[in-house]
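Chemist:
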Amino acid sequence: MSILGLKKKQPKTFKVKVITMDAEMEFSCEVKWKGKDLFDLVCRTVGLRETWFFGLRYTVKDTHAWLKLEKKVLDQEVPKDSPITFHFQAKFFPEKVEEELVQEITQHLFFLQVKKQ
């Protein structure tokens, strides 16, 4: 057997858990995925089209940070736990809620977050 046969293959996927205000979801992501790939998957899963208000937040050493959409997920300082935990939350709040939040799911997610805070 050659030495190459003894090498352990690197996994091609990693597990994430995404927590919204009213649900928890688990996904298997490819190591090449950028933050946008994961974010888009979460938005599709919850049925959200008004995505620009939201983001994926993670915690490292008691510090909160937002997942950058243009960088690979694993190239960021995300926790190295399995699954990696993200919180799907509003990053930006509209000035005129009744005009800017069209989708019912968007209004629902905002309401739950404001209620919790």
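Taken in order, the sequence shown gives residues 1 to 117; the numbers are from UniProt numbering. Yeah, the Cβ is synthetic: ideal placement off N, Cα and C, and Gly gets one too. A quick note: this is a predicted structure, and the numbers were derived from the prediction, not measured.
State the DSSP-derived secondary structure class of W52, mapped to helix, strand or coil.
Modeler: Numbered from 1 along the sequence shown, position 52 holds the residue referred to as residue 52. In the structure shown, W52 sits in a helix (DSSP, three-state: H, G or I).
Chemist: Using a threshold of 8 Å, state whether the C-beta atoms of F54 and F86 are closer than that.
Modeler: Residue 54 sits at position 54 when you count from the first residue of the sequence shown. Residue 86 sits at position 86 when you count from the first residue of the sequence shown. No, the pair does not count as a contact, with Cβ atoms beyond the cut-off.
Chemist: Checking 8 Å against the spacing of the C-beta atoms, do V42 and F14 come in under that value?
Modeler: Numbered from its first residue, the sequence shown carries residue 42 at position 42. Numbered from its first residue, the sequence shown carries residue 14 at position 14. No, these two residues do not count as a Cβ contact at 8 Å.
Chemist: Please classify W52: is it buried, with 16 or more other beta-carbons within 10 angstroms of its beta-carbon, or exposed?
Modeler: Counting from 1 along the sequence shown, the entry for residue 52 is found at position 52. Answer is exposed; the Cβ neighbour count stays below 16.
Chemist: T20 to D81, Cα distance in whole Å?
Modeler: Taking the sequence shown and counting its residues from 1, the one referred to as residue 20 is at position 20. Taking the sequence shown and counting its residues from 1, the one referred to as residue 81 is at position 81. So the two alpha carbons sit approximately 19 Å from each other.
Chemist: Going by DSSP, what residues sit across from W66 in a beta bridge?
Modeler: Residue numbering aside, residue 66 sits at position 66 when the sequence shown is read from its first letter. Beta-bridge pairing links W66 to R57.
Chemist: Would the beta-carbon of L56 fall within 8 Å of that of V18?
Modeler: Position 56 of the sequence shown holds residue 56. Position 18 of the sequence shown holds residue 18. Cβ atoms of L56 and V18: closer than 8 Å.
Chemist: For a quick check, are the C-beta atoms of F39 and L74 less than 8 Å apart?
Modeler: As a working mapping, residue 39 is identified with position 39 in the sequence shown. As a working mapping, residue 74 is identified with position 74 in the sequence shown. The answer is no: Cβ separation not under 8 Å.
Chemist: Go ahead and pull the three-state DSSP assignment for M1.
Modeler: Mapped onto the sequence shown, residue 1 falls at position 1. Caution applies to M1, whose pLDDT of 45 falls short of 50 and renders its modelled position unreliable; the value that the coordinates give is listed next. Looking at M1 - three-state DSSP - the assignment turns out to be coil, as it is neither helix nor strand.
Chemist: With DSSP run on the structure shown, which of helix, strand or coil describes K15?
Modeler: Residue numbering aside, residue 15 sits at position 15 when the sequence shown is read from its first letter. In this structure, K15 counts as strand in the three-state DSSP scheme.
Chemist: Have a look at F27 and Q107 and give me their C-alpha separation to the nearest angstrom.
Modeler: On the sequence shown, position 27 is the one that residue 27 refers to. On the sequence shown, position 107 is the one that residue 107 refers to. Distance between the alpha carbons of F27 and Q107 is about 25 Å.
Chemist: How should V16 be labelled, buried or exposed, when 16 other C-beta atoms within 10 angstroms of its C-beta is the threshold for buried?
Modeler: To locate residue 16, count along the sequence shown from 1; it is residue 16. With 16 or more Cβ atoms within 10 Å of its Cβ, V16 is classed as buried.
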